[in-house]
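Below is one structure; the comments refer to it alone.
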Amino acid sequence: MQLLSYGITNQGKVRNANEDAFLIDEAHQVFAVADGLGGLPGGAEASQRIIKLLQQTYRQVDAEEESADLGELILGINRILTKEGTEAHPFTGLGSTLTIAQLINDQLLIGHVGDSAAYHLRGDDLNKITINHTLEQEFIKRAGESARSRYVSSDGLHKTTINHAMEQEFIERAGESARNLMPEEYPHTLTRCVGQNENVRIDQFRLTIASGDRLLLCTDGLDNIVTKQQIYAALRADATPEAICQELVEYANAEGGPDNITVIVVFIQ
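Numbers 59 to 327, taken from our numbering, label the letters of the sequence shown in order.
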């Protein structure tokens, strides 16, 4: 499949530095975004180091070869960053998010740690592939699971005659109620990242792709600020990947640009 891609990073309007980094490697059909942890020293150092390690890895892989498992790749990078962070910053270490996408034939592989994001658009259907590894999501997930347990037993059988739509609505409302009750720092507190724990858990996803699909990777400076409807409208537009990236950055900055903003858009042709 042929690809058309573009990526951009922007400091935003509040941060004193840009601690995001990204990779576009069309030869290997690999794309990645990394967001260094602002609460630790060396946030930019962490994200840039991850991207350099990815570049080094793919330089050693023939463009026609299928790469190693993305989970193993991220684990290897995590071990290096954890070791280097401990040596450079003994009390805090280094940390960064990482969301990486690789296309192999008609398969889209995603590896994900942290709260950056990957979206997939097919026709009118926009799907957020990744789940944020934050205290907010853990809190909402547990609230939803608690609500679901009222209707579904451990063997998967419904305890009542409530229909599935009503059940799902109740679970979603429980999640929203939990969101309103949680401490304000929860949405920004990571439960997983690269560089802090040698045994970090990695989410992996596999999708079958088709000509006409569009892919977006971004850091939370976009994902937390711009609405899903704005992302959908931008990706659906008759515009180039560059124009879409620019528009989304403008959306985030129009909302105050509270964080660094990084966006990659890929057209699959």
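Idealized CB from N, CA, C, for every residue including glycine.
For residue i, the three-state DSSP class (helix, strand or coil)
i	result
residue 176	strand
residue 307	helix
residue 97	coil
residue 68	strand
residue 134	helix
Residue from the options with nearest C-alpha to residue i
i	options	result
residue 95	278, 283, 314 and 300	278
residue 1	323, 107, 140 and 173	Lying outside 59 to 327, the shown extent of the chain, residue 1 is not represented and no answer is given.
residue 105	180, 80 and 120	80
residue 281	187, 169, 165 and 133	187
residue 274	289, 249, 264 and 195	289
residue 128	60, 320, 155 and 168	168
residue 304	60, 196 and 68	68
Residue i Cβ short of 7 angstroms to the ligand SAH heavy atom set
i	result
residue 90	With respect to small molecules bound, the structure shown includes none, and the ligand SAH cannot be examined in it.
Residue i and residue j closer than 8 angstroms at C-beta
i	j	result
residue 72	residue 315	yes
residue 108	residue 85	no
residue 252	residue 135	yes
residue 248	residue 151	no
residue 155	residue 176	no
residue 267	residue 179	no
Beta-carbon contacts of residue i that lie in its chain and below 7 angstroms, excluding the five residues immediately before and after
i	result
residue 62	299, 325 and 327
residue 82	63, 65, 89 and 322
residue 309	284 and 288
Residue burial classification, residue i (beta-carbon count within 10 angstroms, cutoff 16)
i	result
residue 149	exposed
residue 75	exposed
residue 198	buried
residue 254	buried
residue 145	exposed
residue 312	exposed
residue 192	buried
residue 214	Caution is warranted here: a pLDDT of 47 is assigned to residue 214, below 50, making its placement in the model unreliable, and no coordinate value can be reported.
residue 260	buried
residue 103	buried
Residues near residue i in its chain [Cβ-Cβ closer than 8 angstroms; skip 5 each side]
i	result
residue 147	98, 99 and 100
residue 183	none
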